[in-house]
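Undergrad: Sharing a structure, written as structure tokens. Questions coming.
Numbering (my numbering), first residue to last: 686 to 740.
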């Protein structure tokens with residue numbers, strides 16, 4: 686479960702990460718689409734790359 690200040694729900698974070706890792710989107714483009722910083726988008730994509738959906 687997300688905390689009150691979370692940028693996105695876990696489901697939306699997973700969608701963003703899949704766009705970057707599985708579909709090859711640039712991190713900056715995915716970050717812009719989901720209205721988060723590129724650093725945050727990269728962190729979520731890296732976690733997904735390392736741990737899959739559990740990340």
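Built from N, CA and C at the ideal position, the CB exists for glycine as well.
Can you name the start and end residues of the alpha helix (DSSP H) that residue 695 belongs to?
TA: From DSSP, the alpha helix (DSSP H) with residue 695 extends over 695–706.
Undergrad: Tell me which residues share the same chain as residue 740 and place their Cβ nearer than 6 Å to its Cβ, disregarding the 5 neighbours each side in the sequence.
TA: The answer, listed in chain order, is 732 and 733.
Undergrad: Identify the continuous alpha helix (DSSP H) that holds residue 731 and give its terminal residues.
TA: Unbroken alpha helix (DSSP H) run through residue 731: 723–736.
Undergrad: Here's the rule: buried if 16 or more other CB atoms are within 10 angstroms of the residue's CB, otherwise exposed. What is residue 698?
TA: Buried, because 16 or more other Cβ atoms sit within 10 Å of the Cβ of residue 698.
Undergrad: In whole angstroms, give me the CA-to-CA distance for residue 714 and residue 706.
TA: Cα to Cα, the separation comes out at about 13 Å.
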